[in-house]
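The working numbering numbers the first residue of the sequence shown as 1 and each following residue consecutively.
Have a look at the structure below before the remarks.
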Amino acid sequence: MTEAIAAAPADPPTAAVVDLAAISANVATLRRRTTAALMAVVKADAYGHGLVPAARAALGGGAPRLATAFVDEALALRAAGVDVPILALILRSGESRLGAAIAADVEVSVGGPAALDAVLAAVRTSGVAAAIHLEVDTGLSRGGARADGWAAIVDSAARAVAEGAVRVVGVWSHLACADQPEHPANAMQLAAYRDALDTARRHGVVPQIRHLANSGGLLALPDTHFDAVRAGIAVYGLAPGPAVPAAGLTPAMTLVSRLALTKEVPAGAGVSYGLTHRTASATRLAVIPVGYGDGVPRQASNRAEVCIDGVRHPIVGRVCMDQFVVDTGDHVVDTGDPVVLFGPGRAGEPTADDWAGATGTIGYEIVTRIGARVPRVYHGGGTG
Ligand SMILES: Cc1ncc(COP(=O)(O)O)c(C=O)c1O
Numbered sequence: 001m002t003e004a005i006a007a008a009p010a011d012p013p014t015a016a017v018v019d020l021a022a023i024s025a026n027v028a029t030l031r032r033r034t035t036a037a038l039m040a041v042v043k044a045d046a047y048g049h050g051l052v053p054a055a056r057a058a059l060g061g062g063a064p065r066l067a068t069a070f071v072d073e074a075l076a077l078r079a080a081g082v083d084v085p086i087l088a089l090i091l092r093s094g095e096s097r098l099g100a101a102i103a104a105d106v107e108v109s110v111g112g113p114a115a116l117d118a119v120l121a122a123v124r125t126s127g128v129a130a131a132i133h134l135e136v137d138t139g140l141s142r143g144g145a146r147a148d149g150w151a152a153i154v155d156s157a158a159r160a161v162a163e164g165a166v167r168v169v170g171v172w173s174h175l176a177c178a179d180q181p182e183h184p185a186n187a188m189q190l191a192a193y194r195d196a197l198d199t200a201r202r203h204g205v206v207p208q209i210r211h212l213a214n215s216g217g218l219l220a221l222p223d224t225h226f227d228a229v230r231a232g233i234a235v236y237g238l239a240p241g242p243a244v245p246a247a248g249l250t251p252a253m254t255l256v257s258r259l260a261l262t263k264e265v266p267a268g269a270g271v272s273y274g275l276t277h278r279t280a281s282a283t284r285l286a287v288i289p290v291g292y293g294d295g296v297p298r299q300a301s302n303r304a305e306v307c308i309d310g311v312r313h314p315i316v317g318r319v320c321m322d323q324f325v326v327d328t329g330d331h332v333v334d335t336g337d338p339v340v341l342f343g344p345g346r347a348g349e350p351t352a353d354d355w356a357g358a359t360g361t362i363g364y365e366i367v368t369r370i371g372a373r374v375p376r377v378y379h380g381g382g383t384g
């Protein structure tokens with residue numbers, strides 16, 4: 001029996017068991033790969049692992065900084081008593097809690113004039129100077145100022161610094177292809193980022209920390225490390241992509257359930273909606289009470305595998321909203337037996353990266369989409 005199964009309660013039968021010690025150990029391992037500070041990315045409920053417990057575990061592993069997507073997430077960390085520097089990477093328009101975030105010393109990203117205006121308005125209201133990270137778009141064409149607008153935003157920020165309204169803590173950008181280390185865009189973005197830093201310096205803005213790398217950059221592109229690296233997926237023990245393996249890291253989430261029903265069926269039995277699978281011979285089927293309503297991808301239908309008592313069995317037929325069926329062949333299993341959908345892979349079970357490969361997505365999506373109906377159960381670390 002794996003540690004995760006031992007940690008999972010029998011009721012409810014399904015749980016995402018999160019190994020907090022693995023998160024801490026992953027951070028410690030990643031820190032040994034760089035001299036840059038590790039900014040643990042805990043957006044989207046820490047990639048589904050649970051915002052506050054995962055953040056604490058990352059800090060326990062030695063991460064000096066955190067990053068969230070939105071200010072709400074950062075404020076939730078502050079409300080839980082987390083007092084390290086936190087950067088909210090995305091400033092949404094009409095963010096009503098921006099002033100509260102600035103007052104709570106949440107660092108906010110500024111990628112254009114509208115964002116700077118919003119920050120300055122919040123500063124005027126709250127009377128507290130804001131800590132900002134200027135974002136430059138070096139080729140992803142997502143957030144940040146493009147090269148042609150960069151000098152202007154730097155100038156505006158420099159004026160705001162002179163007025164005492166803001167501090168420029170960081171200048172950052174984001175890589176489009178760090179999961180493909182050989183991709184030519186990496187060198188182009190690195191050069192564009194260096195140009196942006198030069199421009200900022202010429203316009204009087206020298207940030208405390210420069211940050212460009214995500215997990216892929218951290219693991220495979222040492223030139224991108226600068227002063228800090230924003231590591232997300234690797235903190236949770238998963239790979240940025242097939243070309244950048246998560247060697248030495250431990251997947252932190254194990255998705256466990258218990259068989260709701262088992263039955264023997266004859267050859268030719270159709271299984272689940274659409275009868276997309278028919279049994280080739282007489283066999284045993286087991287019903288697992290987890291479905292796409294819990295974030296199990298419907299694309300796993302007839303593709304992914306689960307593990308029961310150390311043995312892998314294929315999903316047969318379509319994944320339904322609340323359940324799916326596996327064929328256990330001549331493996332005699334019983335109602336209530338534990339089943340591992342994915343985990344660290346140490347006891348024969350698939351990993352989230354295996355599920356990603358089987359379903360044509362990325363490990364990020366597999367863990368992050370596990371839904372609210374699945375309780376998170378923590379073991380191996382602090383109390384969260
Ligand atoms: C701006 C930014 N930085 C860092 C990360 C972390 O990336 P990864 O999980 O690949 O380490 C993300 C994640 O999507 C991001 O959007």
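All C-beta atoms, glycine included, are put in the ideal place defined by N, C-alpha and C.
Remember, predicted model here, so these are calculated numbers, not experimental data.
Could you spell out where the beta strand (DSSP E) holding LEU255 opens and where it closes?
Mapped onto the sequence shown, residue 255 falls at position 255. Run containing LEU255: 253 to 258, per the beta strand (DSSP E) assignment.
Distance, ALA36 Cα to ILE102 Cα
Position 102 of the sequence shown holds residue 102. Position 36 of the sequence shown holds residue 36. Approximately 25 Å between the Cα atoms of the pair.
With three or more beta-carbon pairs closer than 8 Å as the criterion, would you say the segment 109 to 118 touches the segment 128 to 144?
Yes, they touch.
Quick one: does the C-beta of ILE86 sit closer than 8 Å to a heavy atom of ligand 1?
Indexing the sequence shown from 1 puts residue 86 at position 86. Ligand 1 never approaches ILE86 closely enough for any of its heavy atoms to be under 8 Å from the residue's Cβ.
Taking a contact to mean a Cβ-Cβ separation below 9 Å, would you say GLY143 touches GLY295 in this structure?
For the purposes of this step, residue 143 is identified with residue 143 of the sequence shown, where counting begins at 1. For the purposes of this step, residue 295 is identified with residue 295 of the sequence shown, where counting begins at 1. Result no, Cβ atoms of GLY143 and GLY295 do not sit closer than 9 Å.
Return the bridge partner residues of ALA130 from the DSSP annotation.
The residue you call residue 130 lines up with position 130 of the sequence shown. Answer by DSSP bridge pairing, in chain order: VAL166.
Apart from the five residues just before and just after ARG167, which ones in its own chain have a Cβ nearer than 8 Å to its Cβ?
Along the sequence shown, read from residue 1 onward, the residue named residue 167 stands at position 167. For ARG167, where only same-chain residues beyond five positions count, the Cβ hits under 8 Å are ALA129, ALA130, ALA131, ILE132, VAL161.
Ligand 1 heavy atoms versus the CB of GLY111: any closer than 8 Å?
By one-based count along the sequence shown, residue 111 stands at place 111. For GLY111, the distance from the CB to the nearest heavy atom of ligand 1 is not below 8 Å.
Could you name the residues of the same chain whose beta carbon sits closer than 8 Å to that of GLY329, not counting the 5 residues immediately before and after it, in chain order?
Position 329 of the sequence shown, counting from 1, holds the residue named residue 329. Closer than 8 Å at the Cβ level, and outside the excluded window around GLY329, lie THR283, ARG284, HIS313.
In the DSSP assignment, find the alpha helix (DSSP H) that holds TYR273 and state where it starts and stops.
In the sequence shown, the residue the question calls residue 273 occupies position 273. It is not in any alpha helix (DSSP H) - TYR273 carries neither H nor E in the DSSP assignment.
Would the C-beta of ALA55 count as close to ligand 1, meaning under 8 Å from any of its heavy atoms?
The count along the sequence shown starts at 1 and reaches residue 55 at position 55. Incorrect: ALA55 has no Cβ contact closer than 8 Å to ligand 1.
Leaving out five residues on either side along the sequence, give the residues of the same chain with a beta carbon under 6 Å from the beta carbon of VAL374.
As a working mapping, residue 374 is identified with position 374 in the sequence shown. Counting only Cβ-Cβ distances below 6 Å, and skipping sequence neighbours, we find THR14, ALA16, ASP294.
Just verifying my parser: in three-state terms, what is the DSSP assignment at ILE86?
Reading the sequence shown from its first residue, position 86 is the one you call residue 86. Correct three-state label for ILE86: strand.
Tell me where the alpha helix (DSSP H) around SER24 begins and ends.
In the sequence shown, the residue the question calls residue 24 occupies position 24. Counting along the chain, the alpha helix (DSSP H) containing SER24 begins and ends at 20 to 31.
Does the segment 268 to 277 come close enough to the segment 233 to 244 to have 3 or more Cβ pairs within less than 8 Å?
Result no; under three Cβ-Cβ pairs closer than 8 Å.
Kindly indicate which residue of PRO85, ASN214, ALA260 has the alpha-carbon position closest to the one of GLN323.
If you number the sequence shown from 1, residue 323 lands on position 323. Each of PRO85, ASN214, ALA260 was checked against the Cα of GLN323, and the nearest Cα belongs to ALA260.
What is the DSSP secondary structure of PRO338, counted as helix, strand or coil?
On the sequence shown, residue 338 is found 338 positions in, with the first residue counted as 1. Strand, per DSSP.
On a CA-only basis, which of PRO338, GLY310, TYR292 is nearest MET321? Give me that one, please.
To locate residue 321, count along the sequence shown from 1; it is residue 321. Distances from the alpha-carbon of MET321 to those of PRO338, GLY310, TYR292 put TYR292 closest.
Go ahead and pull the three-state DSSP assignment for GLY50.
In the sequence shown, counting from the first residue as 1, residue 50 sits at position 50. It is coil, neither helix nor strand.
Out of VAL154, ALA191, ALA178, PRO64, which has the shortest C-alpha to C-alpha gap to ARG201?
Your numbering for residue 201 matches position 201 in the sequence shown. Checked all of VAL154, ALA191, ALA178, PRO64; the closest Cα to ARG201 is VAL154.
Applying the 10 Å Cβ sphere with the 16-neighbour rule, what's the burial state of VAL332?
Position 332 of the sequence shown, counting from 1, holds the residue named residue 332. VAL332 should be labelled exposed.
So, using beta-carbon positions, are LYS43 and GLY232 closer together than 9 Å?
Start at 1 with the first residue of the sequence shown, and residue 43 comes out as number 43. Start at 1 with the first residue of the sequence shown, and residue 232 comes out as number 232. Their beta carbons are under 9 Å apart, which means LYS43 touches GLY232 by this criterion.
MET39, DSSP secondary structure in three states
Stepping through the sequence shown from its first residue, residue 39 is reached at position 39. Of the three classes helix, strand and coil, the one that applies to MET39 here is strand, per DSSP.
Given the structure, does ILE234 come close to ligand 1, in the sense that its CB is under 8 Å from one of the ligand's heavy atoms?
In the sequence shown, residue 234 corresponds to position 234, counting from 1. Rather than Ile, the amino acid found at residue 234 in this sequence is Ala. Yes, the beta carbon of ALA234 sits closer than 8 Å to at least one heavy atom of ligand 1.
With distances taken Cα to Cα, identify the nearest neighbour of VAL244 among ILE362, ALA4, VAL265, GLY371.
Counted from its first residue, the sequence shown places residue 244 at position 244. The option with the nearest alpha carbon to VAL244 is ILE362.
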